[in-house]
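Visitor: I'd like to ask some things about the structure below.
Protein chains: 2
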Amino acid sequence: MTAHVQVGSKKWLLSKLLAAIGYAPVRIVLWDGTQSVPPRIDPIGTVFIKDWRCLLRLAIDPELYLGEEFSGGRIEIQGDLPEMLAAVSSAACGRRRRAWFPRLVSHWLEWTQNNTLGGSRRNIHRHYDIGTDFYKLWLDSQLVYTCAYFTHPSETLEGAQIAKMNHVCRKVQLQPGDTVVEAGCGWGALALHMAKCYGARVKAFNISHEQIVYARERAVREGLSGQVEFVEDDYRNITGKFDVFMSVGMLEHVGLGHYDELGEIIQRCLKVTGRGFLHFIGRNRPMRFSPWIRRRIFPGAYPPSLRQSLEVFEAHDLSVLDVENLRLHYAQTLKHWLDRFERSSDKVAEMLGPSFVRTWRLYLAGSTAAFRVGTLQLFQIFFAPAANHQVPWTRAHQYSDNRAGRQEQKWIPAMS
Amino acid sequence: MTAHVQVGSKKWLLSKLLAAIGYAPVRIVLWDGTQSVPPRIDPIGTVFIKDWRCLLRLAIDPELYLGEEFSGGRIEIQGDLPEMLAAVSSAACGRRRRAWFPRLVSHWLEWTQNNTLGGSRRNIHRHYDIGTDFYKLWLDSQLVYTCAYFTHPSETLEGAQIAKMNHVCRKVQLQPGDTVVEAGCGWGALALHMAKCYGARVKAFNISHEQIVYARERAVREGLSGQVEFVEDDYRNITGKFDVFMSVGMLEHVGLGHYDELGEIIQRCLKVTGRGFLHFIGRNRPMRFSPWIRRRIFPGAYPPSLRQSLEVFEAHDLSVLDVENLRLHYAQTLKHWLDRFERSSDKVAEMLGPSFVRTWRLYLAGSTAAFRVGTLQLFQIFFAPAANHQVPWTRAHQYSDNRAGRQEQKWIPAMS
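Read top to bottom, the protein sequences are chains A and B. In this text, residue positions in the first sequence follow numbering that gives the first Met the number 0: the first is 0, and each later residue adds one. In this text, residue positions in the second sequence follow numbering that gives the first Met the number 0: the first is 0, and each later residue adds one.
Now the structure itself:
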């Protein structure tokens, strides 16, 4: 290439990239010092693009390649990462390209990551079995890896995770002696909380081996193994009848084609007087996770729109009683996780390498941005069999202790 | 017919009828004294069938003909009507017949009652323009003709309607000076409440002439006509930008084919910082109103499943923030309405004739039963434009005054 052609193609690729990110107010600096500065506005940060191939790929499809290039260290970003990603996400909204290659990648991922019994096990293993020691570096002390509930934005993460577990338990009006089946139990925090603080008897399912091992150990350590059984198995193998079906953060991994199956299982395992709860990442309208997220972070995952999620209930005589959208709480939760992750990034790099750190930095920052701008939502759905007429009269009980502060320890013994 | 054949056909028709009502525990007595008594259980009431034709029709399709025959006085019922209808509804659940004739009637109704601009006007006129004097006989003093909110089941109807209006206003966090557009405003109670108690400026749409006339008079009488404008027009003609979109009890009349249109109007009329509210009768799963209800009570009406109702939001950048199901509150509201209606039934008969009384008795009792057993649901959806990030942090504000009892008068001045 002559220098002239090089300059021309560079400019052209840069202009394609700028269009794709919706002319978000960021400064772009290329490997040779070429710059693009937003007109009439201060840039909120700078993106350094380190070589030709990286620029070319970003121009083709930033959504597909940003992750790969960032993880590989061929992109560097100066500025507040969640803020910049939020700005790009807001600006690029609705400009999503539907070129044949990204579409093909997307379909290929869907096909290879289908959530069959074996597929789910592989998909879950890749994310949740990275190592408990890694997650301990940046989650709260109980390892609750789902959206917390901040009674006030200034709440601590530890407090907000306890508040979330209580919020959930209050929604289903958990009573001493209630039998609970939990589908997707993570490291067991909620199962143990329901047993310890509400006197429930819990059977908790999970296909992540690492998590189940940890949860079982914790149950023994806390003297709760008589009350909580951790089962290393798929939700599709749940049998028996329960007072409460509980699932926090699993629907994302169920996959769109399996909602009817999940509904059937819920219907089958709930007593007539039963109650159910589903907490999941969703959307305002149907849209897959980006191919990068599905390839590197959450294989097989799909965040349904609220409408899509209701397929779980509609054909299975289940009545939706209460839906709450907590997306700002997830933005806040992720802010805490990201801060903690950054503080431990050297340790993570030692454990899993510098490219892993960059990958997870982008995942956590991108998720923060998504919940902040609203491309992702967090839905909590409380439901019951249609024939259950003993449902709560109002939702006042969910808030009856909030005013006195979170005096959960004082409040809980009165329940058990 | 010989006596023998007559006895045979009667028995056969009776057996068809019993199967159609799912062998619900009711005694059936025919015109000649022939009886069918439920085995091994005390009947909860008695159905008197007064002639051959009536028995024949009920055997063909009880859902289609019960109303006609009951209104015509050819069926009489002894016992608690809502309780009996609830028992039949529960027992017959899932046994709904799909014969060609009822299906044809259903499609014919759908076709002739389509909610075009003109169609809606005709449909609404038939129900809501029966006469305000009639509705005054059995609604609360403010003529709120939608589900009330009982902070406790023993609440009075008047109190529960005020509590409902406050519940709604709290959900949208109504502030002094907020501009509100209300789609379908009935006799204006909520519009006036929002103005008087929350300091909002309201533009309220309704195509029922009688209701608009009454609402305007009330606004003048209460000195609120500067703050509330009642517009006799269709929701599809709403223009302008507002802080709040409010609709209580209209979606049922919009019709399934018009949700996208409604969503477009909501999207267009809400400011970015706006909030919206939809309150409507719905279902756990898609099912039309019975042909009788559509023919005699609510022409053109359809109670969507929650999933169907979300079509309003999904394509229009609206984010669902909160859904509450208040079906038991509607059963309670209807119990009050039916009790008051029965106490005024002589006056109603004088006004509108004895057949009208029977028709409305069945409609009110049938609706009570439907909300009690769960064939109908009542959904309240709070939503906002997807780009509105100033949404409530929690829902605690909805309940912050409930504990002190409904001291609304004390609480409200502090808001305005």
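No residue lacks a Cβ here, since even glycine has one placed at the ideal position from N, Cα and C.
Going along the chain, which residues of the region 383-403 of chain A sit with their C-beta nearer than 8 Å to a C-beta in chain B?
Guide: Ala385, Ala386, His388, Val390, Trp392, Thr393, Arg394, Ala395, Gln397, Tyr398, Ser399, Asn401, Arg402
Visitor: Taking Cβ-Cβ distances below 7 Å as the criterion, which residues of the region 351-381 of chain A are in contact with chain B?
Guide: Cβ contacts with chain B come from Gly373, Gln376.
Visitor: With distances taken from CA atoms, which of A:Arg39, A:Asp60, A:Val25, A:Pro38 is nearest A:Phe47?
Guide: A:Val25
Visitor: I'd like to confirm the pairing. Which residues does DSSP put opposite A:Lys202 in its beta bridges?
Guide: A:Val180, A:Glu228
Visitor: Once DSSP output is grouped into helix, strand and coil, what is the label at B:Phe297?
Guide: coil
Visitor: Taking 8 Å as the threshold (C-beta atoms), are A:Val311 and A:Leu269 in contact?
Guide: Result no, Cβ atoms of A:Leu269 and A:Val311 do not sit closer than 8 Å.
Visitor: What are the boundary residues of the beta strand (DSSP E) that includes A:Phe378?
Guide: Unbroken beta strand (DSSP E) run through A:Phe378: 376-384.
Visitor: Less than 8 Å between CB atoms is the rule here; does B:Asp321 satisfy it with respect to chain A?
Guide: yes
Visitor: Does any residue of chain A bring its CB to less than 8 Å from the CB of B:Glu19?
Guide: Here residue 19 of chain B is Ala; the residue named in the question, Glu, does not match the sequence. The beta carbon of B:Ala19 sits no closer than 8 Å to any beta carbon of chain A.
Visitor: Give the secondary structure of B:Ile74 by DSSP, where H, G and I count as helix, E and B as strand, and everything else as coil.
Guide: strand
Visitor: Name the chain A residues that come within less than 8 Å of B:Ser153, Cβ to Cβ?
Guide: Going along chain A, no residue has its Cβ under 8 Å from B:Ser153, so there is no contact; the nearest lies around 11 Å.
Visitor: Is the Cβ of A:Arg284 closer than 8 Å to any Cβ of chain B?
Guide: yes
Visitor: Are A:Leu142 and A:Ala203 closer than 8 Å when you measure CB to CB?
Guide: no
Visitor: Would you decide whether A:Ala18 is buried or exposed? Buried here means 16 or more other CB atoms lie within 10 Å of its CB.
Guide: It counts as exposed.
Visitor: For A:Gln112, collect the residues of the same chain with a Cβ closer than 7 Å to its Cβ; drop the 5 residues on either side in sequence, then sort them by chain order.
Guide: Gly118, Asn122, Arg293, Pro298, Gly299
Visitor: Can you tell me where the alpha helix (DSSP H) holding A:Gly365 begins and where it ends?
Guide: 353-372
Visitor: A:Leu277 lies in the beta strand (DSSP E); which residues open and close that run?
Guide: 269-281
Visitor: Counting Cβ pairs, one atom from each stretch, are 3 or more of them under 8 Å apart for the region 368-376 of chain A and the region 274-283 of chain A?
Guide: yes
Visitor: At which residue ranges does the region 128-156 of chain B contain complete alpha helix (DSSP H) runs of 4 or more residues, listed in the order of the chain?
Guide: 131-135
Visitor: Quick one: is A:Thr332 near chain B, going by C-beta distance under 8 Å?
Guide: Closer than 8 Å: no.
Visitor: Any idea if A:Ala413 is buried or exposed, counting beta-carbon neighbours within 10 angstroms, 16 or more meaning buried?
Guide: Reliability of the predicted coordinates at A:Ala413 is poor, the pLDDT of 26 falling under 50, and the value obtained from them is presented with this limitation in mind. The residue in question, A:Ala413, is exposed, as its Cβ has fewer than 16 Cβ neighbours within 10 Å.
Visitor: Which residues, taken in chain order from the region 128-162 of chain B, show a beta carbon closer than 7 Å to some beta carbon of chain A?
Guide: Thr150, Pro152
Visitor: Does the Cβ of B:Ser354 have 16 or more other Cβ atoms within 10 Å, making it buried, or fewer, making it exposed?
Guide: Around the beta-carbon of B:Ser354, fewer than 16 other beta-carbon atoms lie within 10 Å, marking it exposed.
Visitor: On the DSSP bridge list, what partners appear for A:Val46?
Guide: A:Ile27, A:Ile76
Visitor: Can you tell me where the alpha helix (DSSP H) with B:Asp321 in it begins and where it stops?
Guide: Careful: B:Asp321 lies outside any alpha helix (DSSP H), inside the beta strand (DSSP E) at 317-324.
Visitor: Beta-carbon of A:Ser88 versus every beta-carbon of chain B: anything under 8 Å?
Guide: False, the Cβ-Cβ gap to chain B never drops below 8 Å.
Visitor: Determine whether the Cβ of A:Glu313 lies closer than 8 Å to any Cβ atom of chain B.
Guide: yes
Visitor: Give me whichever residues DSSP pairs with B:Phe241 in a beta bridge.
Guide: B:Leu269
Visitor: Along the region 234-258 of chain B, where does the CB come closer than 7 Å to a CB of chain A? Name the residues.
Guide: none
Visitor: Secondary structure at A:Ser343, three-state DSSP: helix, strand or coil?
Guide: coil
Visitor: Quick one: give me the first and last residue of the alpha helix (DSSP H) that B:Arg217 is part of.
Guide: DSSP places B:Arg217 in the uninterrupted alpha helix (DSSP H) bounded by 208-220.
Visitor: Between B:Ser318 and chain A, is any beta-carbon pair separated by less than 8 Å?
Guide: yes
Visitor: Could you spell out where the alpha helix (DSSP H) holding A:Met193 opens and where it closes?
Guide: Counting along the chain, A:Met193 sits inside the alpha helix (DSSP H) bounded by residues 188-197.
Visitor: Going along the chain, which residues of its own chain have a beta-carbon closer than 6 Å to the beta-carbon of A:Trp30, five neighbours each way excluded?
Guide: Lys49, Asp50
Visitor: What does B:Tyr304 touch in chain A if you count any residue whose Cβ is under 8 Å from its own?
Guide: Strictly speaking, residue 304 of chain B in this sequence is Ser, with Tyr absent from that position. Here the neighbours are Leu309, Glu313.
Visitor: Let me know if A:Lys163 comes out buried or exposed under the rule of 16 or more other beta-carbons within 10 Å of its beta-carbon.
Guide: Label assigned to A:Lys163: buried.
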